[in-house]
Amino acid sequence: MAMPLRQTVRIGTYLFQQKLRKRDKFPLIVELEPLFACNLKCEGCGKIQHPAGVLKQRMPVAQAVGAVLESGAPMVSIAGGEPLMHPQIGEIVRQLVAKRKYVFLCTNAMLLRKKMDQFKPSPYFAFAVHIDGLRERHDESVAKEGVFDEAVEAMKEAKRRGFRVTTNSTFFNTDTPQTVIDVLNYLNDELKVDEMMISPAYAYEKAPDQEHFLGVEQTRELFRKAFAGGNRYRWRLNHSPLFLDFLEGKADFDCTAWAIPNYSLFGWQRPCYLMSDGYVPTYRELIEKTDWDKYGRGKDPRCANCMAHCGYEPTAVMATMGSLKESLRAARDTAIGPK
């Protein structure tokens, strides 16, 4: 894992506290969507298909911060839409960091250089830049030329100013082990980003492109070959060892949808960040009034091919906490770092 030691200790302590309190459902990270508007129309995105009136809405700062505090989660991922289009995004981040929440601001980076002055470097804050491949592949994915080059320049500038910079890469059935290797090598070795997150794309029902999502066996084969030769140990991947095992097919888990709840303009989304079966006004109602047992592979057809990190990384993390062997393995990887 590439997670900083301070953050690793904080999350480990939080998980241990939940175990002592015998809480069977608790949040690890909140997916916060303070707007749905975006300045790109990515082919695999199912998040921006809303009426014009909804796309114009912006969540108030107090509401956004209050939702995260209500959940009690130690981390928050600010998504959307494009968060940098929110006029008060800097204040949302500032208040969350002041509460010592670990904040990842997801962005396509088109506005990053313009808006960077709104933020200050902090061990509690990181930009999470969307990069799905090298120049040609990424620009095709986001349906606009020049996006990759702008994202690269923005990341370089953010690193120069002392910000933590992470990336989030989504892969489709048009990817090969080599395209995965190429982009992660570039991010890891040339750009030297702090951490990288990876995930197979989820088949959003409203995504414009419905033909290029990976199946379970395709996902396993893709990552098994991409990770060969020690790559997964060399890259600064922000994932637990067990989640990487899961992607390769060396381990299998049930989804833990409740561990990464989604809060948007509509409220707390059931059951997860990827599927919208309704909304409730409070986090408590989300946890207590949702029939979690009806979701997951083999239960809901929409879950059949899902191997996304927002559903399975929490399961892997909790499996790690429940095993001395896996806890020692994760601690070793954190201490030693990528080879």
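If you read the sequence shown in this note's numbering, its first letter stands for residue -1, the second for the next number, and so on.
Even glycine gets a Cβ: it sits at the ideal position worked out from N, Cα and C.
Whose C-beta lies closer than 7 Å to the C-beta of residue i among residues of the same chain, with five residues either side of it excluded?
{"i": "W233", "result": "L182, N186, M194 and P336"}
{"i": "A199", "result": "G42, T168, F169, F170, F211 and L212"}
{"i": "P119", "result": "R159, G160 and F161"}
{"i": "D173", "result": "L220"}
For the alpha helix (DSSP H) containing residue i, name the first residue and the last one.
{"i": "P198", "result": "No alpha helix (DSSP H) holds P198; the beta strand (DSSP E) holding it covers E193 to P198."}
{"i": "L67", "result": "V59 to S69"}
{"i": "M319", "result": "H307 to M319"}
{"i": "E138", "result": "R133 to V140"}
{"i": "I258", "result": "Counting along the chain, I258 falls outside any alpha helix (DSSP H), and DSSP gives it neither H nor E."}
{"i": "I285", "result": "Y281 to K287"}
{"i": "D291", "result": "Per DSSP, D291 belongs to no alpha helix (DSSP H) and is neither H nor E."}
{"i": "A249", "result": "Taken as a continuous stretch (DSSP letters only), A249 belongs to no alpha helix (DSSP H), as it is neither H nor E."}
{"i": "F264", "result": "Neither: F264 is in no alpha helix (DSSP H) and is coded neither H nor E."}
Output needed for residue i: all residues of its chain with C-beta closer than 8 Å, excluding positions within five of it in sequence on either side, in chain order.
{"i": "P279", "result": "G265 and W266"}
{"i": "Y293", "result": "C253, A255, P269, C270, M273 and C301"}
{"i": "F34", "result": "K45, I46, H48, V52, L53, Q55, G78, G79, S262 and L263"}
Quick one: residues in its chain with C-beta nearer than 6 Å to the C-beta of residue i, no 5 flanking neighbours on either side, listed in chain order?
{"i": "L109", "result": "L82"}
{"i": "A65", "result": "Y261"}
{"i": "M114", "result": "none"}
{"i": "A317", "result": "L240"}
{"i": "M305", "result": "P198 and T217"}
Considering only DSSP beta bridges, list what residue i is partnered with.
{"i": "A124", "result": "F102 and R162"}
{"i": "P269", "result": "S274"}
{"i": "S219", "result": "In the sequence as displayed, the identity of residue 219 is Glu instead of Ser. E219 pairs with nothing; no bridge assigned."}
{"i": "I90", "result": "According to DSSP, I90 bridges with nothing at all."}
{"i": "T168", "result": "S197"}
{"i": "L235", "result": "M194"}
Start and end of the beta strand (DSSP E) containing residue i?
{"i": "D175", "result": "Per the sequence shown, the amino acid found at residue 175 is Pro instead of Asp. Unbroken run through P175 is the alpha helix (DSSP H), P175 to N183; no beta strand (DSSP E)."}
{"i": "L30", "result": "I27 to L30"}
{"i": "I76", "result": "M73 to I76"}
Can you find a C-beta in chain C that's less than 9 Å from the C-beta of residue i?
{"i": "N37", "result": "No chain C is present in this structure, which holds just one protein chain."}
Assuming residue i contacts residue j (C-beta within less than 8 Å), just tell me the rounded distance between them.
{"i": "V140", "j": "N106", "result": "7 Å"}
{"i": "T164", "j": "D137", "result": "Actually they are not in contact, since the Cβ atoms of T164 and D137 sit about 21 Å apart, beyond 8 Å."}
{"i": "N229", "j": "I196", "result": "With a Cβ gap of about 11 Å, N229 and I196 do not count as contacting."}
**OP:** Would you be able to state if there are at least three C-beta pairs under 8 Å between the region 89 to 98 and the region 274 to 288?
**Re:** no
**OP:** Report yes or no: do the region 29 to 37 and the region 69 to 82 share at least 3 C-beta pairs separated by less than 8 Å?
**Re:** yes
Subject >> Three or more C-beta pairs below 8 Å linking the region 48 to 63 and the region 124 to 135 >> reply: no
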